[in-house]
Structures are given as structure tokens and as C-alpha cells.
Amino acid sequence: MRFTRTSKALGLAAIVALAATGCGGGNGGGSGQAASDPGKIITAYSNEPQNPLLPANTNEVYGGRVVELLFEGLRAYDPSGKPVNALAESIESPDSRNWTIKLKPGAKFTNGEAITAKTFVDSWNFAALSSNLQNNGFFFESIDGYADVSAVKESKGADGKTTSTPAPKAQTMSGLVAKDDSTITVKLTQPEADWSLRLGYSAFYPLPSEAMKDPKKFGENPIGNGPYKFAKDGAWVHDQSISLVKNPDYNGPRTAKNGGVTFKFYTDPGPAYTDLQGDNLDVSDVVPSNALKTYTTDFPDRNSTKPNANNATLNIPGYNPNFQGEAGKLRRQALSYAINREEITKVIYNGTRTPAKDFTAPLLEGYSDSIPGSEVLTFDPAKAKDLWAQAEKIKPYDGSKPLQIASNTDGGNKEWIEAVANGFKNNLGINAEIQPFAKFAEVLNLRKSQKLPGLTRAGWQGDYPSLYNFLGPVWATGASSNYEKYSNPEFDKLLKEGLAAKTPDEASTKFNKAQEILFKDLPGLPLWYRATPIVWSNNVVKAETGWNGGVLYYNIEAK
Amino acid sequence: MIRYIIRRLLQVIPVFLGTTLLVYYMVFALPGDPIAALFGDRQPPQSVIDALRNQYNLDQPFWVQYGLFLKNLFTFNLGVDFTQQPIAATLARIFPVTAMLAIEALIIQAVFGVLFGVFAGLRKGKLFDSTVLVASLVVIAVPTFVLGFVFQLVFGVQLGWAKPTVGASANWGNLILPAVVLGLVSFAYVLRLTRTSVIENMNADYVRTATAKGLSRPRVVLAHILRNSMIPVVTYLGANLGGLMGGAIVTEGIFNVPGVGNKLYQAVQRGEGPTVVAIVSVLVLVFVVANLLVDLLYAWLDPRIRYE
């Protein structure tokens, strides 16, 4: 560099000042020793949570990872996604509809309050009550009486827009009863075989009575029963960090192997990556897109890329005239055959995605990579051309406008969409292009109002490890995230039958049967499953991700 | 003098109303629904969304929204941002951090810029002068983000002299690295400005007179050359302080400084009108006060200037 003179002088000034304040990097050696230090606090990448830290109100990752460490539910998920009992002694049901939950004795919050059956009943009623405006209230929708506590009043404004305001008809769910201190009985509106799988999800965590008195205040300094607790009142320094320390009284499947976790907030993953290189941060689950090609060499032996329950699809709205009827079905198949999933996941994603084989995700119990109909997920240009030609004979394609694929362009979506569009162009001879948006919300608005001109990117991250969670909320008639309003009564029926099944195996069979219908209708084209790349510093032994792609912070050993 | 200051301060009112209106409208016109953007694929019940819309007056037409914002502003109630945090507390948290950074950068550019500039000017055409001139050109030519990443990697990661990022531990020591990066470009300008001024003043009549009078060289340089050379430099520095307070988005981003630039960027991305406008309002005040101070400094530096 030519400007050494000035920069040397400035650099010298910087050294003097840094030496004076005593804040060197401090990474002198020590990387060789593997002996772990159970009392040491580790630092982790995160960002400012969007809501006060109440379990049933937290539906985004940065708040979610904190809540999951602060609380413990009836069940917990082990690293592979298998639910194990945590606070629950047993969870039983003779008919998948009436459930009896027995609690282990002696569980307490960190403020000393005992956790009884009543704690759970109160917490769940609080979460489900519409006037409490909890983001995750709908997780209780299967419980008898949910309709009453979640009721809303719809009113039409002067401009014709409907506004819904909470108007609960009851304060508690009739199906949820605390029999005695250690027994909860739950009656569902219909049999749901996988209901107990959900009980490890954060919406089902217990809350101390303090939380319900002043939720907002509680959310600033939450008191929980999980493997960690807040380091002190005000441990959440907004826009900067959250400091958690090990909860010594915790006794469950997720015991902390370190002294605490400090989440450092970054508005951009770039600086976090640099911090990791300088051992100024211990673990990050977000690798900046420009480092996807280099993270395995930048962090040799200090990276992992494990698949998790997460998928991406390319949805084709049913209201698009080009994709309706028999011709539409053929065209949907043709599009699917024209996507080279193998190549895109390798070249663009560097192996952090794997080609999809179904509408759910691997790791889930009952997952199958060979569902009849799933052959449309292979890349076969000849077949694609052939199917497209067949469709042309039935009804000509309206190619007056290029086929657009709506997506937000941040987060590295542009590259793969262009690759997919090129696949359509080269293999089907149609004009295809990305329909770019600055923000995800803009696409979502189009999807909600049924105004997409073409296709759209979509994706699903599992809330709890169950096939149903990937099918019900996304493709069932009228479901909360079924924005393209796909509807097939046969599919709905099979889902219902799966939920009512006696055994998990039987349920999985039904759900996979339901997927066969999806493969016939192709309301969306499964693209790939995500694997989360993570990297860690020289200060920790190892880090890994769990079934949902979240880092298992409690399992990290510091050295 | 007092009347002048009052008049200047009164000018703040139209400037303030104009900028807030403009900025509020620009954020309002951002495409997309900011409330929907808070959630991903999994949207909460409609009643939750509607309640949030109502809380932030997003269900009202633009003029009502802006009016309510002004009303709240004048009753010193800035409300809460989209993460339910009081905006006043956010301002109280981010401005000291950025002020520290800006002051540090300002000191670096002022002290080093003037020092190097004066020496270069006094040794016009010599080796030192030409070296400094070329070096400053290089500094100006290299974009801030490149400097930022290079410094971060060299001093933060490879040499380990400083922490690569600032994060939660924002203090004078940790902010030096970003402050150097932030101050470096303006440092080059200050240097060149000072140098030109010094060269110009060296040939001025009063300097020749002072030398002829038999004044010592340091006295001539300090009292006559330097003081008169400072007028354009002070203007530049004053205008720069405002820029440093609000415009450090790139540097704050690279070094993860929890300051104004970072927050502003985030708030714009989220379409959080009230937060953006609250920050901009404070920035407007900073700009106005900084410019006023510069004008007052003029009068002190140049006795020919009088404010009535």
C-alpha cells in the first residue's frame, strides 16, 4: 500500500490507545487444548428479538432461540428431533382425542414458584385468549373451547376494509382442565395423533403467574424454568446483546455444558463472520452469502452443515389460467421436470441445500423419499418438452407476458430463480424471468390478495417435527399459510384420517398418501431442503444444529 | 449577536417541519406492508395484525398519521417502535455511541489533518509535501467500505490489536478502529484544504510584514498563518460533524457499532416511519447547531466578520 506513512502514524496512535485501554484481541495460543471449561460463557450470533420474550408471542428466530433456552415444556426435542418427556412424566391418550398428562413433581421456576398442572392450564389459556394478542395463539386451535376464547369481531370500515378485533366469548378453554396438582386432561375437537409431538414447541411452555399480570414487563426480564436464565435484570440490552447464565437448578434433558450464552446482536452477518475469524465471537449460524464458497476453508474443522426440517417450493397459483385444468396439470409437471435441482443445489448453494424428494422434510418420522409421483422432481428436459407439447394440444399457452417468479431479492434468492427461469426458457421455450421485490412482505401481500401474475417462491420451516406440520398449515383448505388457496377435499380427508390414526406409523402412511395427491395436483413444486452451515471459534470444542436448524447452544463446550 | 443566534434558531422550525414531513412521507411511500413484514411465512391471527396496525396508526391516511406523530412529538411522547421498545430510550442509547464515534473521528481528522497540512504547506514542493499529497489522494480514492474491511481484517483479525467489531462494548477504546476509518477520508480533505490555505497565506502581505517586523517563526506560523488558514477548514469540519453523526451507515455496519447509522438503516428497512423520523429530527437539530457553531467560530477567527 502506498499510503503507509500516514497509516503507519495512525496505526501507531491506535496501538498506543488500545494498549492504554487494554483491549487486545487476546487470542494467544490455547487452541490446541481440548479440555472443556464448564463454567465459561460462550458468545453467539443473534439479532434483536422483535417482541417481548413471551413464549407464545415469539414467532421469529432471534427471540425464539432465547425463549427456548429460558423455558422448558412438557417435552423437549433431542438433537435428531425426537420428542422426549421433560416436565411430563407421561402423556397418554386412548383415542388420540382425550389426553391425560402427568407431571413430574418438584419442577420450579427460577423465582421459586412451583410448576403445577394449573400453571400449564393458565399459561395455555393466556396464550389462546384473543384479547391477549399472542402471535402463536393458534397453536391451541385443536383444544376444545379454543373457538370461544379466540373469537374475534369483524367490522367493516368506511373504506370497505374489514378489521378484526378480539372478542372472546370465554376466558378459558373448556377442553383444558387441571385435575389435580400433577394431572392435566385435554380434550381436542377431533382426534389428532400427532398432538403430543407439538408439546415441545415454545408456545406450550409454562409461564409463572407474574407473566400474566404484566406481560410486557415480564417479557423484558423473563423468568423461566429452562437450562438458562437471565444473567441479571436488564440482561437484555436492546440492539446490543442478551446475556444468559446457566440455571443451576435445571434438571432435564437439555442440561447446559457451558456457563452461559451471550447473544451478540449483528445487523449484518458479515461483521459476525469477521468476529469469528478473530475469535471475538464463538458460534454463528448465519454465514454471509459471499462466504458460502469459503467457509469450509476459512474454518477448517470448525464448521458443520447439517440438514434440517426446512423446505423450499415454487408455488403455482390455481387462479392462473395457464395452469388450470388438464393442460395446466401437464404444464405443472413440465415445469417441474425442467428444473435442474441437482445442479442448482451444487453450483449456487454449494451443497447447503439438497434436492427435495417430497413436500415435507427429511429427519421427520415417517419421511419417505420415494412417494409415488415424486419422479416429477427429477430433471428430464425431454419429458418436460413432451408434456408441454401435450398441453399445447389441449389448450394453447398464453405467452403474451413472460412467466414471472415473484421473490424478494435479498437473501441470495436472485441467483437460483434466474437459474430456474433459464431452465424454463431453454427446456420449454417459454419466456421466464424473476419478478423482483425489495422485501418479502411485498410478495406476501400479492400472495394474500391472490394477485400473483406468475409463480412465487415459498418455504416452510417446521414448528415441531411432524409430517403434518409441513402439510396441514400449508396445503389444507383454508389453512393459515395456504396463501394460494389450494383446495382438494380428498387431500383434506386423508390429512384428517392421518390425524385420527391410532399409531404414528399409520398416521405417516396416511400423510404420505395425501402427498401423492399433492404430486398429482402440484400446487407447488418442491425444490430443495435446507442444511444450515454453522461455524465456530477456537474458544469452543464443537457446535451442532438440531432438527430445526437451530444451534444447540446448551451442548456447546467451551475451552 | 444574541439576536442573530435567536434568528438562526427560529429558522429551525420550518427546516424541521419540512424535513420530517418529507422523510415521513418517503417512509410511508415505501412499498410493502411493514406489519406483514414483521412476520415470515407464518402469519399471526388477523386480529393481532389489526391491533398492531391500529397501535401504529397505520390504518389512518397519511396526513392523520403525520399529524398524530407531530402531536406526540410536541408532547415528548415518541411512542414505541415495531419491537415494542420506547423510541426515546432507543435515541438515548444510540446517540451517545455515535457521538463518541463522531467526536473521535473528528479529533483524528482535525488534529492529524491540520498538523500534516501545515507541515506540508510550509515545506511546499519538498519530499514530505509530495508524499503526503500522493498518500492523501490514495486515501480519498479508496472507498470507505474497502478501508473498513481491510482495517478490520488486518488490525482486528490478523494482528489482533483491536476487536474486529464493537458490538455491545462501545467505549472510546473500542471505537478507535472505526473512528480511524471514518475519519480517514475527511482527514485527507482537511489536510489538502489546510495545505492550500497555508501556502496561500504564506505569501500574504501581513505574513511578510510580520516576518519583517522580526517576529519569531513559530509566532508567525501560529498566530498569523494558522489562524487565517483555519477559516475554510472550520467550515468543512463543522459541516462534517453533522455528516459524521448521521452518515456513518457503512462504517457502523462494518464494525457493528450500535449507533445511529445502524439503527436508521434497520428502521428504513422495516418501514418504521416513527423511528426514522425521530432519528432524523435529532439529526436536523445536530446539523443546525453544528452550522451555527461554525458561523460563530468564523467571527472569532476573522474579526472582520460581525453578526448583527
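Protein sequences appear in the order of chains E and V.
Here the first sequence is numbered in our numbering, starting from 1 and rising by one per residue.
Here the second sequence is numbered in our numbering, starting from 560 and rising by one per residue.
Note that the Cβ used here is the ideal one computed from N, Cα and C, for glycine as well.
Nearest Cα to residue 103 of chain E within the set E:95, E:110, E:118: E:118. Only residues of its own chain outside the window of five on either side were considered, and among them 83, 464, 466 have a CB closer than 6 Å to the CB of residue 197 of chain E, listed in chain order.
Boundaries of the beta strand (DSSP E) around residue 260 of chain E: 260-265. The C-beta distance from residue 387 of chain E to residue 330 of chain E rounds to 5 Å, short enough to meet the 8 Å contact threshold. The beta-carbon of residue 436 of chain E is placed no less than 8 Å from the nearest beta-carbon of chain V. In the DSSP annotation of this structure, the continuous segment of the beta strand (DSSP E) that includes residue 408 of chain E starts and ends at 403-408. Comparing alpha-carbon positions, the option among E:57, E:378, E:296 lying closest to residue 128 of chain E turns out to be E:57. For the pair residue 69 of chain E and residue 261 of chain E, the CB atoms are nearer than the 8 Å cut-off. At a cut-off of 8 Å between C-beta atoms, residue 821 of chain V counts as an interface residue with respect to chain E. Between residue 824 of chain V and chain E, the shortest Cβ-Cβ separation is below 8 Å. With 16 or more other CB atoms across the displayed protein chains lying within 10 angstroms of its CB, residue 475 of chain E is buried. Taking 4 residues as the minimum length, the alpha helix (DSSP H) runs contained wholly in the segment 763-806 of chain V are 764-771, 786-805, in order along the chain.
Taking CB atoms only, residue 441 of chain E has a neighbour in chain V less than 8 Å away. Rounded to whole angstroms, the gap between the alpha carbons of residue 481 of chain E and residue 575 of chain V is 43 Å. Contact of residue 609 of chain V with chain E by beta-carbon distance below 8 Å involves 163, 164, 165. Here residue 457 of chain E is bridged, per DSSP, to E:314. If you ignore the 5 residues before and after residue 439 of chain E, its C-beta comes within less than 8 Å of the C-beta of 408, 410, all in its own chain and listed in chain order. Each of E:455, E:323, E:310 was checked against the Cα of residue 549 of chain E, and the nearest Cα belongs to E:310. Between residue 236 of chain E and residue 176 of chain E, the C-beta spacing is not below 8 Å.
Taking each of E:371, E:241, E:437, E:122 in turn and checking the Cα distance to residue 417 of chain E, the smallest one comes out for E:437.
As a beta-bridge residue in DSSP terms, residue 75 of chain E pairs with E:85. DSSP places residue 509 of chain E in the helix class (H, G or I) of the three-state scheme. Contact between residue 283 of chain E and residue 45 of chain E holds, since their C-beta atoms are separated by about 7 Å, short of 8 Å.
For residue 714 of chain V, the closest C-alpha among the options V:730, V:807, V:737 is that of V:737. Inclusion of residue 816 of chain V and residue 660 of chain V in the CB contact set at 8 Å is warranted, their separation being smaller than that value. For residue 799 of chain V, no Cβ of chain E is located within less than 8 Å of the residue's own Cβ. When Cβ-Cβ separations below 8 Å define contact, residue 290 of chain E makes no contact with chain V.
Taking a contact to require three or more Cβ pairs closer than 8 Å, the segment 283-297 of chain E and the segment 86-93 of chain E do not qualify as touching.
For a cut-off of 8 Å, the C-beta gap from residue 109 of chain E to residue 224 of chain E is around 7 Å, short enough to register as a contact.
With a cut-off of 8 Å on Cβ pairs, the segment 151-167 of chain E is not in contact with the segment 228-242 of chain E, counting fewer than three such pairs. Nearest CB-CB separation between residue 216 of chain E and chain V: below the 8 Å threshold. Along the segment 583-596 of chain V, going in chain order, the ones with a CB nearer than 9 Å to a CB of chain E are 589, 590, 591, 592, 593, 594, 595, 596.
Judged by their CB atoms, residue 97 of chain E and residue 188 of chain E are nearer to each other than the 8 Å cut-off.
For residue 757 of chain V, the closest C-alpha among the options V:733, V:794, V:828, V:683 is that of V:683. Following the DSSP letters along the chain, one finds residue 217 of chain E inside the alpha helix (DSSP H) bounded by residues 215-220. Assignment of residue 435 of chain E by DSSP, reduced to helix, strand and coil, places it in the strand class.
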